[in-house]
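**Student:** Numbering (the numbering used here), first residue to last: 23 to 449.
All residues carry an ideal CB built from backbone N, CA and C; glycine is no exception.
These numbers were taken from a predicted model, which means no experiment stands behind them.
Sharing a structure below in C-alpha cells format, with a few things to ask.
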Amino acid sequence: MRIRSVLALSLAAAATLAAPVPATAATSANPAPSAHCPQLSKDLPWYGANRARLQQVIDARGSCANPHLGRGQRPVAAFDWDNTVTKNDITDATLSWALAHDKILRPKSWRDTSKWLTEEADRALTSACGTSVPVGSPLPTSTNTRCTDEIWEMREKGSLMNGHPGFAGDWNHRRTVPQYAWVPQLFTGRTVAELSEYAERARAEALAAPAGSTRTVGTHTIPGYARYYPQQRDLIRTLQRAGFEVYIVSAGSEPVTEVWSRGVGIDADHTIAIRSLTDRRGRITPWSEGCGGTRPSMGEEIPYIDGKRCWINQDIYRVRGKAAWKQQPAPRRIAVGGGDADTDVTFVADATGAHLVLNRNKDEIMCRAYDDEDGRWLVNPMFIEPLPRRTAPYPCSTAGDNLPGGGKGPLHRADGSVVPDQQDTAF
23 MRIRSVLALS LAAAATLAAP VPATAATSAN PAPSAHCPQL SKDLPWYGAN RARLQQVIDA
83 RGSCANPHLG RGQRPVAAFD WDNTVTKNDI TDATLSWALA HDKILRPKSW RDTSKWLTEE
143 ADRALTSACG TSVPVGSPLP TSTNTRCTDE IWEMREKGSL MNGHPGFAGD WNHRRTVPQY
203 AWVPQLFTGR TVAELSEYAE RARAEALAAP AGSTRTVGTH TIPGYARYYP QQRDLIRTLQ
263 RAGFEVYIVS AGSEPVTEVW SRGVGIDADH TIAIRSLTDR RGRITPWSEG CGGTRPSMGE
323 EIPYIDGKRC WINQDIYRVR GKAAWKQQPA PRRIAVGGGD ADTDVTFVAD ATGAHLVLNR
383 NKDEIMCRAY DDEDGRWLVN PMFIEPLPRR TAPYPCSTAG DNLPGGGKGP LHRADGSVVP
443 DQQDTAF
C-alpha cells in the first residue's frame, strides 16, 4: 500500500525517480507468433471479433513476438476497475458495508471532509447524523436512516435528499468530481489497515450474494452483489503470461482497489487509485496526493478522466511535472486500455494497440469508440446483464465532450473535425 503521510510526501516530492520506462509500442521483425503463444480462452464468449483482435495485439506486442524484451521494455496494459473488471461498483460495496456496520467516524464539521461541501449540506448532514456521538466516534448509520440517506445521496448524485446540490464551487471537471473524492474522505480517522479490512469483508459479502440481488442503504436500493468478469480475468492473465505489465487505474480509494485487484493477480505496485495522505499516527486524512506537479490537495486531482492519463504517465512512465497531463509519444504509451465510462476515455484513447470499451451508454467514451478514429476501438456489451440498445444517437456533435469548466460541448477528433452523432450498435 503506497498511501503516504503528509511529511513523507513532501520529502518524496523533492526526489527524482530513475526507474526504467516500459516500452509499449515496440514492434519486432521476428516471425509471426506460433500457436504456442499465450492464448485467450475460446470457451469465454466475446462480442464479434473482439477476442481475435485482442489476440492479435497480444501476439504482436508481447514476448512471443519479442522474446528478448528486457526490464523496462515490457508492453503495458491498463484497465479501469468498476464495471470494467467487475460487474458493479466496489466503492459502493465498501461504503454500503461500512454504513451498515457503523464504520464512519463523526467529523468535527462535515465541511472538514470536502472543500466543496456546501453550507446547506453541512447543516443537513449535521441534522441527520446528529451531534450526540462524540467527534471521532462511530456514527450509528446502521440504524439512523436519515444520516445514511444523506451520505448515500451525496455519494451517488452529489446532492442532498431535498435535491439541492451538496457540492459547489470551482473544480476541473476532467480532473476530479467531488463525490468521488469524498468517499475516501469519509474514512478520515481510520487507518489504511482498517479500510482494507472493510473492503475485504464487503468483497466477501458481495461475491457471496446471489447474482442480481439488491441491498438497501437507508431508503436507497443498490446492487447487492459483485462478480469478476471471467473474460477480463482471462484477458489479464493472458496479457501477463505474454509479458505485459498490467495495471489497474481507478477513481476509487487505493486500499479498496488493492483488495479487489489481488483477485485477478495484480499487486499493489500495479494498482493506481486515489491515494489519501495519512497523519503521523497513520490515520487517513481528507488530503490526497496530486499529479503532474500539483501539490497534495483535498481531491483536486484524482484518477478521473484526464487524471488517469496523468497517473499512468507519472507512475508508469516517470513523466514529471505538467508534461504528465499531456499525451506522450507512442513508445511511452500503453498498448492496451480498457474502460466503461467517460472517466476512462482519455487513457483508453491513449492506447496504441487496442481500446477496449464495455458499453454502459456513456456519451464521450462511446462517441470515441463508435467513431473509431484509428481503427483500434473495440466495443463489447457488458459480460453480465448487458444494457439494451440505446435508441437515441449519442450526441457527439453537440454534447459529446465533458468540458473542464463543466457542461458539455462538441467532441473533436485529433485533426479538429467534429465527431458526428453515433448510433448504438454493440449491445
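Using the DSSP secondary-structure output, state which residues sit across from P245 in a beta bridge.
**Tutor:** To locate residue 245, count along the sequence shown from 1; it is residue 223. T236, per the DSSP bridge assignment.
**Student:** Please confirm whether L121 and T163 have their CB atoms less than 8 Å apart.
**Tutor:** Position 99 of the sequence shown, counting from 1, holds the residue named residue 121. Position 141 of the sequence shown, counting from 1, holds the residue named residue 163. Their beta carbons are under 8 Å apart, which means L121 touches T163 by this criterion.
**Student:** Please report how far the alpha carbon of N52 lies from the alpha carbon of S85, in whole angstroms.
**Tutor:** If you number the sequence shown from 1, residue 52 lands on position 30. If you number the sequence shown from 1, residue 85 lands on position 63. Per-residue confidence for N52 stands at a pLDDT of 44, beneath the threshold of 50, marking its modelled position as unreliable; the derived number appears in the next sentence. If you take the alpha carbons of N52 and S85, they lie about 11 Å apart.
**Student:** Report yes if the CB atom of V107 is closer than 8 Å to the CB atom of E267, and no otherwise.
**Tutor:** Here residue 107 refers to the residue found at position 85 when the sequence shown is read from its first residue. Here residue 267 refers to the residue found at position 245 when the sequence shown is read from its first residue. Going by C-beta atoms, V107 is not nearer than 8 Å to E267.
**Student:** For D364, which three-state DSSP category applies?
**Tutor:** As a first step, residue 364 must be located in the sequence shown, where it is residue number 342. Helix.
**Student:** In whole angstroms, give me the CA-to-CA distance for Q78 and L208.
**Tutor:** Residue 78 sits at position 56 when you count from the first residue of the sequence shown. Residue 208 sits at position 186 when you count from the first residue of the sequence shown. Cα-Cα distance, rounded: 44 Å.
**Student:** So S218 is in the alpha helix (DSSP H); what residue range does that whole segment cover?
**Tutor:** On the sequence shown, residue 218 is found 196 positions in, with the first residue counted as 1. That run of the alpha helix (DSSP H) goes 214 to 230.
**Student:** Do the CB positions of Y220 and W119 come within less than 8 Å of each other?
**Tutor:** As a working mapping, residue 220 is identified with position 198 in the sequence shown. As a working mapping, residue 119 is identified with position 97 in the sequence shown. It is a contact, given that the beta carbons lie within the stated cut-off.
**Student:** State buried or exposed for E172, treating a residue as buried only when at least 16 other CB atoms are found within 10 Å of its CB.
**Tutor:** As a first step, residue 172 is located in the sequence shown; it is residue number 150 there, counting from the start. The residue is buried, with at least 16 neighbouring Cβ atoms inside 10 Å.
**Student:** In this structure, how does DSSP classify T46 when only helix, strand and coil are distinguished?
**Tutor:** In the sequence shown, the residue the question calls residue 46 occupies position 24. Below a pLDDT of 50, predicted positions are generally treated as unreliable, and T46, at 47, falls in that range; the measurement from the model is reported next regardless. Of the three classes helix, strand and coil, the one that applies to T46 here is coil, per DSSP.
**Student:** How close, in whole Å, do the beta carbons of P200 and S136 come, if the pair is a contact with beta carbons under 8 Å?
**Tutor:** Residue numbering aside, residue 200 sits at position 178 when the sequence shown is read from its first letter. Residue numbering aside, residue 136 sits at position 114 when the sequence shown is read from its first letter. Right, their Cβ atoms sit about 6 Å apart.
**Student:** Return the first residue and the last residue of the beta strand (DSSP E) that N381 is part of.
**Tutor:** By one-based count along the sequence shown, residue 381 stands at place 359. Looking at the DSSP string, the run of the beta strand (DSSP E) that includes N381 is 376 to 381.
**Student:** In terms of residue numbering, what span does the alpha helix (DSSP H) encompassing S310 cover?
**Tutor:** Sequence index remark: in the sequence shown, residue 310 carries index 288 (1-based). Taken as a continuous stretch (DSSP letters only), S310 belongs to no alpha helix (DSSP H), being part of the beta strand (DSSP E) at 306 to 310.
**Student:** Beta strand (DSSP E) containing Y269: first to last residue?
**Tutor:** Walking along the sequence shown from the start, residue 269 turns up at place 247. Segment 267 to 275, the beta strand (DSSP E) holding Y269.
**Student:** Could you give the first and the last residue of the continuous alpha helix (DSSP H) run that contains P252?
**Tutor:** Your numbering for residue 252 matches position 230 in the sequence shown. Looking at the DSSP string, the run of the alpha helix (DSSP H) that includes P252 is 252 to 263.
**Student:** Among D114, Q349, F449, R237, which residue has its Cα nearest to the Cα of R411?
**Tutor:** Start at 1 with the first residue of the sequence shown, and residue 411 comes out as number 389. Considering only alpha carbons, the answer is F449.
**Student:** Nearest to H242 by alpha carbon, out of R168, R331, G314?
**Tutor:** Taking the first residue of the sequence shown as position 1, residue 242 is located at position 220. Per the Cα distances, R168.
**Student:** Within 10 Å of its beta-carbon, does A345 have 16 or more other beta-carbons around it, so buried, or fewer, so exposed?
**Tutor:** For the purposes of this step, residue 345 is taken as the residue at position 323 of the sequence shown. The residue is exposed, with fewer than 16 neighbouring Cβ atoms inside 10 Å.
**Student:** Determine the direct distance from the alpha carbon of T300 to that of N166, and round the result to whole angstroms.
**Tutor:** Mapped onto the sequence shown, residue 166 falls at position 144. Mapped onto the sequence shown, residue 300 falls at position 278. Using only the alpha carbons, I get a separation of about 29 Å.
**Student:** I need the straight-line Cα distance from P245 to P187, nearest angstrom please.
**Tutor:** Here residue 245 is taken as the residue at index 223 of the sequence shown, counted from 1. Here residue 187 is taken as the residue at index 165 of the sequence shown, counted from 1. Each residue's Cα considered, the two are about 24 Å apart.
**Student:** With a cut-off of 8 Å on the beta carbons, I'd call T198 and G343 a contact; round off their distance for me.
**Tutor:** For the purposes of this step, residue 198 is identified with residue 176 of the sequence shown, where counting begins at 1. For the purposes of this step, residue 343 is identified with residue 321 of the sequence shown, where counting begins at 1. Contact flag wrong, Cβ pair sits at about 19 Å.
**Student:** Select from D102, A71, W68 the residue whose C-alpha is nearest the C-alpha of S275.
**Tutor:** Along the sequence shown, one-based indexing puts residue 275 at 253. Minimum Cα distance to S275 is reached at D102.
**Student:** Kindly provide the ranges of any beta strand (DSSP E) runs that are 3 or more residues long and lie completely inside the segment 99 to 173, ordered along the chain.
**Tutor:** Counting only runs of 3 or more, we get nothing.
**Student:** So R259 and G304 are in contact, right, with Cβ under 8 Å, and what is the actual spacing, rounded?
**Tutor:** As a first step, residue 259 is located in the sequence shown; it is residue number 237 there, counting from the start. As a first step, residue 304 is located in the sequence shown; it is residue number 282 there, counting from the start. About 34 Å separates the two Cβ atoms, so there is no contact after all.
**Student:** Do you know how far the Cα of H58 is from the Cα of S50?
**Tutor:** Walking along the sequence shown from the start, residue 50 turns up at place 28. Walking along the sequence shown from the start, residue 58 turns up at place 36. Low confidence applies to S50: its pLDDT is 39, below 50, so where it sits in the model is not reliable, and the reading given next is rough at best. Near 18 Å, if we compare the C-alpha coordinates of H58 and S50.
**Student:** Within its chain, find whatever has a CB closer than 8 Å to the CB of W457; leave out the 5 residues flanking it on each side and keep chain order.
**Tutor:** There is simply no residue 457 to check, as the chain begins at 23 and stops at 449 in what is shown.
**Student:** To which residues does DSSP link K64 through a beta bridge?
**Tutor:** Residue 64 sits at position 42 when you count from the first residue of the sequence shown. Answer by DSSP bridge pairing: none, since K64 is not bridged.
**Student:** Go to P206, then tell me how far its alpha helix (DSSP H) extends in each direction, as first and last residue.
**Tutor:** Residue mapping note: residue 206 aligns to position 184 of the sequence shown, counting from 1. It spans 200 to 208 - the alpha helix (DSSP H) in which P206 sits, taken as one unbroken run.
**Student:** Could you check what DSSP says for H90 in three-state terms: helix, strand or coil?
**Tutor:** Your numbering for residue 90 matches position 68 in the sequence shown. H90 falls in the coil class under three-state DSSP.
**Student:** Between M183 and W204, is the Cβ-Cβ spacing less than 8 Å?
**Tutor:** In the sequence shown, residue 183 corresponds to position 161, counting from 1. In the sequence shown, residue 204 corresponds to position 182, counting from 1. It is not a contact, given that the beta carbons lie outside the stated cut-off.
**Student:** Tell me the rounded alpha-carbon separation between G180 and P60.
**Tutor:** Here residue 180 corresponds to residue number 158 of the sequence shown, with the count starting at 1. Here residue 60 corresponds to residue number 38 of the sequence shown, with the count starting at 1. Straight-line Cα distance between these residues: approximately 44 Å.
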